[in-house]
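Colleague: Residue numbering for the sequence shown follows the numbering used here, beginning at 2 and increasing consecutively. All C-beta atoms in this analysis are idealised placements derived from N, C-alpha and C, irrespective of residue type, glycine included. As the structure is a computational prediction, the values presented were derived from the model and not from experiment.
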Amino acid sequence: MKLLSSVLVLAILFILTMTSASPSPTVIIIGAGVSGILAAKTLHDSGIQDILILEANSKIGGRIHSVQFRGHTVELGANWVIGGGPRSNHLYEIASKLNLKTYLSDYGNISANIYKQEGGLYPKHVVSAALEVAETRDQFCTSFSTRLSAPGHDRDDVSILVSQRLFKEVPTTPLDMVIDYFYNDYEDAEPPRVTSLKNTLPRYEFLDFGDQTYFLADSRGFESILVYIAKQFLSHKHEVIRDQRLKLNKVVREINYSKSGVQVKTEDGSVYQAKYVIVSVSVGVLQSDLIVFKPHLPQWKTQAIYEFDMAVYTKIFLRFPYKFWPSGPETEFFLYAHEKRGYYPIWQHLETEMPGSNILFVTVTDEEAKRIEQQPDIKIQEEIMDVLKKMFGNDIPEPEEILIPRWWSNRFFKGSFSNWPIGYSQRRHMQLKVRKAQNINNDLGLISLFFV
Ligand SMILES: *[C@@H]1O[C@H](CO)[C@@H](O)[C@H](O)[C@H]1NC(C)=O
Ligand SMILES: *[C@@H]1O[C@H](CO)[C@@H](O)[C@H](O)[C@H]1NC(C)=O
Numbered sequence: 002m003k004l005l006s007s008v009l010v011l012a013i014l015f016i017l018t019m020t021s022a023s024p025s026p027t028v029i030i031i032g033a034g035v036s037g038i039l040a041a042k043t044l045h046d047s048g049i050q051d052i053l054i055l056e057a058n059s060k061i062g063g064r065i066h067s068v069q070f071r072g073h074t075v076e077l078g079a080n081w082v083i084g085g086g087p088r089s090n091h092l093y094e095i096a097s098k099l100n101l102k103t104y105l106s107d108y109g110n111i112s113a114n115i116y117k118q119e120g121g122l123y124p125k126h127v128v129s130a131a132l133e134v135a136e137t138r139d140q141f142c143t144s145f146s147t148r149l150s151a152p153g154h155d156r157d158d159v160s161i162l163v164s165q166r167l168f169k170e171v172p173t174t175p176l177d178m179v180i181d182y183f184y185n186d187y188e189d190a191e192p193p194r195v196t197s198l199k200n201t202l203p204r205y206e207f208l209d210f211g212d213q214t215y216f217l218a219d220s221r222g223f224e225s226i227l228v229y230i231a232k233q234f235l236s237h238k239h240e241v242i243r244d245q246r247l248k249l250n251k252v253v254r255e256i257n258y259s260k261s262g263v264q265v266k267t268e269d270g271s272v273y274q275a276k277y278v279i280v281s282v283s284v285g286v287l288q289s290d291l292i293v294f295k296p297h298l299p300q301w302k303t304q305a306i307y308e309f310d311m312a313v314y315t316k317i318f319l320r321f322p323y324k325f326w327p328s329g330p331e332t333e334f335f336l337y338a339h340e341k342r343g344y345y346p347i348w349q350h351l352e353t354e355m356p357g358s359n360i361l362f363v364t365v366t367d368e369e370a371k372r373i374e375q376q377p378d379i380k381i382q383e384e385i386m387d388v389l390k391k392m393f394g395n396d397i398p399e400p401e402e403i404l405i406p407r408w409w410s411n412r413f414f415k416g417s418f419s420n421w422p423i424g425y426s427q428r429r430h431m432q433l434k435v436r437k438a439q440n441i442n443n444d445l446g447l448i449s450l451f452f453v
């Protein structure tokens, strides 16, 4: 139930410099993902229309990325929308308005669908007991987190793992580990050891927007949500944005800022001038050397950037000549338990969404995702086939096609998800967003507009 659109946009927005009458535009926005497009729309709606959006890729969307896979539209990035809670989720509303096909993800039968390392399903009652422990542990961690943050008791943060230790039940068997992975890594893209308890639990995205997670599977793609937003303020022809203020394939390499304005240089040698710049690229890109700031960003800002975590969450799609896995109601999700935590752990078939497509996908994260994506496709396919043979026997066909996103190696992303690490304070998080260390209160109003 990962890559929830509302969490995905934990983007890094900040504004540099001021004054002077430079030729158009007033603001340059770097990046046309959710945060960049919404920043642009916010400016546009408040009367600042001489903007310029520079996007490195050949289309808008960023980590919302729909692709064709053997005649079906699949999502390499954001895939679920959440709704039904007390607060309305803007993206969920748009998905409903556009009549995008969504499917409620039902994890209720997972106790009958966890495979052992060497094959065969765990007995249902064994899994049910383990799930109950995990649920109780999760509740303990959540209420412990609430106690740590209680008003007047602003106590130090701990990792989720530390609170699990306090609960006295730390997962160590393959079964307990894959269940723990399902509870945590599947949400955060990083293990409990590094994830901040105080800033992760309770999971407000579910409390606010609803605990129903809807898997979006529509031929128009998740991207159509962002195109819908972009069309509200950028010129377009049908579903294609054609506006002088959006430039694609523009790789920003340098931002030169001073009191008199900003100068933005791209890889193809173009130079753009503006009064302000908003940088909406991923924190992973900010941590890399893709964009050089002149002069260097101050220490407090770079520290705020370097200390946050860019995580990797990868879905690998496989298409087979026929299906050899259980299908029918409540079989969509199945888990593979392995002594190496996070080894091809979470599987999903698409028989409900795309009947007859014979597509499976597996989710991997963090170090495993990084290890896997550095290998050639054929090597990854071999590893996956070994796992599938353990689960379904040796008599299964080779895939006709495999699709492996490489979010971490991609210099325009450097990961697919950001995660709040232990030790990263609210103060640091504020520093990530603002222009000047002393301006926290002044800038807050402006910046918070950009967050969905
Ligand atoms: C930065 O831009 C200013 C003009 O706005 C220019 O004078 C200066 O040389 C530039 N600095 C660098 C390092 O490119
Ligand atoms: C639950 O999963 C098992 C194993 O895949 C399957 O046989 C069963 O039909 C599923 N549904 C229900 C309601 O048990």
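1. Where do the ends of the beta strand (DSSP E) carrying V278 lie?
2. What does the alpha-carbon distance come out to for the pair V263 and I161?
3. Going by beta carbon distance, what residues of the same chain come within less than 7 Å of G109, once the five residues before and after it are set aside?
4. Based on the DSSP output, what are the partners of S160 in its beta bridges?
5. Measuring CB to CB, does S112 end up less than 8 Å from V128?
6. Give the residues whose C-beta lies closer than 6 Å to at least one heavy atom of ligand 2, in chain order.
7. Helix, strand or coil, according to DSSP, for W348 in the structure here?
8. Given a threshold of 16 other Cβ atoms within 10 Å of its Cβ, counted over all protein chains shown, does T364 qualify as buried or as exposed?
9. Have a look at K380 and E354 and give me their C-alpha separation to the nearest angstrom.
10. Just to confirm before moving on: does the CB-CB distance between A33 and E56 stay below 8 Å?
11. Does the count of Cβ pairs from the region 197–211 and the region 81–90 closer than 8 Å reach three?
12. Answer with buried or exposed for P322, where buried requires no fewer than 16 other C-beta atoms within 10 angstroms of its C-beta.
13. Tell me where the alpha helix (DSSP H) around L227 begins and ends.
14. Give the secondary structure of I373 by DSSP, where H, G and I count as helix, E and B as strand, and everything else as coil.
15. So what's H237 in DSSP terms, helix, strand or just coil?
16. Where does H45 sit, in a helix, a strand or coil, going by DSSP?
17. Which same chain residues end up closer than 6 Å to H66 when comparing Cβ atoms and leaving out the 5 residues on each side of it in sequence?
18. Is the CB-CB distance between E191 and A312 below 8 Å?
19. I'd like to check one pair, H350 with F234: are the Cβ atoms closer than 8 Å?
20. For a minimum of 3 consecutive residues, which ranges assigned as the beta strand (DSSP E) are wholly contained in the region 307–352?
21. Where H73 and R372 are concerned, what is the direct C-alpha to C-alpha distance, given to the nearest angstrom?
22. Just how far apart, CA to CA, sit E240 and I52?
23. Rounded C-beta distance between F335 and Y116? I'm assuming under 8 Å.
24. For F418 and Y307, what's the separation of their Cα atoms in angstroms?
25. Does the distance from the C-beta atom of I279 to that of E255 stay below 8 Å?
26. Measure the C-alpha to C-alpha separation of R436 and Y184 and round it to an integer number of angstroms.
27. So, at 7 Å on beta carbons, what are the nonlocal neighbours of V388 in its own chain, with the 5 sequence-adjacent residues on each side left out?
Modeller: Let's see:
1. Y277 to V280
2. Cα to Cα, the separation comes out at about 42 Å.
3. E331
4. S197
5. With contacts defined by Cβ atoms closer than 8 Å, S112 and V128 form a contacting pair.
6. Residues close to ligand 2 by the beta carbon criterion (under 6 Å to any non-hydrogen atom) are, from first to last along the chain, N110, A113, N114, P327, G329, P330, E331 and T332.
7. The answer is strand: DSSP assigns W348 an E or B state.
8. Buried.
9. 29 Å
10. Contact: yes.
11. yes
12. exposed
13. E224 to K232
14. helix
15. strand
16. helix
17. Cβ within range, chain order: L77 and G78.
18. Yes.
19. no
20. Note on the region 307–352: whole beta strand (DSSP E) runs with a minimum of 3 residues are 310–312, 314–320, 334–337 and 347–350, in chain order.
21. 28 Å
22. 21 Å
23. Yes, F335 and Y116 are in contact; Cβ-Cβ is about 7 Å, under 8 Å.
24. 15 Å
25. no
26. 36 Å
27. Y337 and Y345
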